[in-house]
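Undergrad: Questions regarding the structure given below will be posed in turn.
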Amino acid sequence: LTATERTQLLPTIVSRCQVREMQPIAPTVIEQALGQHWQAEPKQAQLLARLAGGRLGWAVTQLHNAKFDAERQEQLETLWRLAAANRIQRLAFSEQTAAKGSQPQLFNMLEMWTTWWRDVLLAQANCIDACSNIDLREEITRQAAHLSQESVQKYIQTLKRIEGYLHHTTNTRMALDVLLLQLPQIV
């Protein structure tokens, strides 16, 4: 039996189970596995291992996804474009995205954006070597220099909060409006 929260289970079930804490797999282990078992190129294995966040299955899926690199680049370029956009452009993107109605694609985008802002925050803390987007360190450093740590931290919190709302019955358009209006402005 697996569960993310013990409190969501009935006491009679909990009494018959044993707790096993699961930890994410280290990026080096994922990188080695991708190279040895799935014949990934070293740079690709390293990038996927970092982006995977400890999820080997995710890394293997993306390794075999021919569109992954293009989709990732498009999601990040969209984020960068929106960070430089005005409110009208941000709200137009929100409207278009909500109209598409693709929840899995939306959650993939939010995950990629969260990883990006985490990397920017790491760069601001002089921990660039811990970044996930290792192939884009120059852009991470550039954006980190233009923003305050506080604004990046607040936006990461907003991303996580909005993602949580979207898992429930929140109006997608309204949630995206809030998310994009709070996006830090990069000139």
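Numbering (our numbering), first residue to last: 2 to 188. Glycine is no exception: its CB is placed at the ideal position from the N, C-alpha and C atoms.
#1: Given Trp-59, which residues of its chain have a CB within under 6 Å of its CB, disregarding the five upstream and five downstream residues?
#2: Taking the alpha helix (DSSP H) that Leu-64 belongs to, which residues open and close that run?
#3: Mind pulling the beta strand (DSSP E) runs of 3 or more residues that sit fully within the segment 122-152?
#4: Would you kindly check if the distance between the Cβ of Gln-90 and the Cβ of Leu-83 is under 9 Å?
#5: Excluding the 5 residues preceding and the 5 following Ala-34 in the sequence, name in chain order all residues of the same chain whose CB lies nearer than 7 Å to its CB.
#6: Please name the residue, chosen from Thr-115, Lys-101 and Pro-28, that lies closest to Leu-48 on a Cα-to-Cα basis.
#7: Is it buried or exposed, Gln-40, if we count other Cβ atoms within 10 angstroms and call 16 or more buried?
#8: Mapping DSSP to helix, strand and coil, what is Ser-95?
#9: Taking Cβ positions, are Leu-160 and Leu-111 nearer each other than 9 Å?
#10: What three-state label does DSSP hand Ala-53 in the structure shown?
#11: Please work out which residues of its chain come closer than 6 Å, Cβ to Cβ, to Val-188, disregarding the five sequence neighbours upstream and downstream, and give them in chain order.
#12: Does the distance from the CB of Leu-10 to the CB of Leu-92 come in under 9 Å?
#13: In terms of alpha-carbon separation, which member of Tyr-156, Ala-85, Gly-102 and Ala-100 lies closest to Asp-120?
#14: Should the segment 129-145 be regarded as contacting the segment 165-181, the criterion being three or more beta carbon pairs within less than 8 Å?
TA: Checking against the coordinates, here is how it stands:
#1: Ala-53
#2: 57-64
#3: Runs found: none.
#4: yes
#5: Counting only residues of its own chain and dropping the five nearest sequence neighbours on each side, Ala-34 has a CB closer than 7 Å to the CB of Leu-57.
#6: Pro-28
#7: exposed
#8: helix
#9: yes
#10: coil
#11: Nothing meets the Cβ criterion.
#12: Between Leu-10 and Leu-92, the CB-CB gap reaches or exceeds 9 Å.
#13: Nearest C-alpha to Asp-120: Tyr-156.
#14: no
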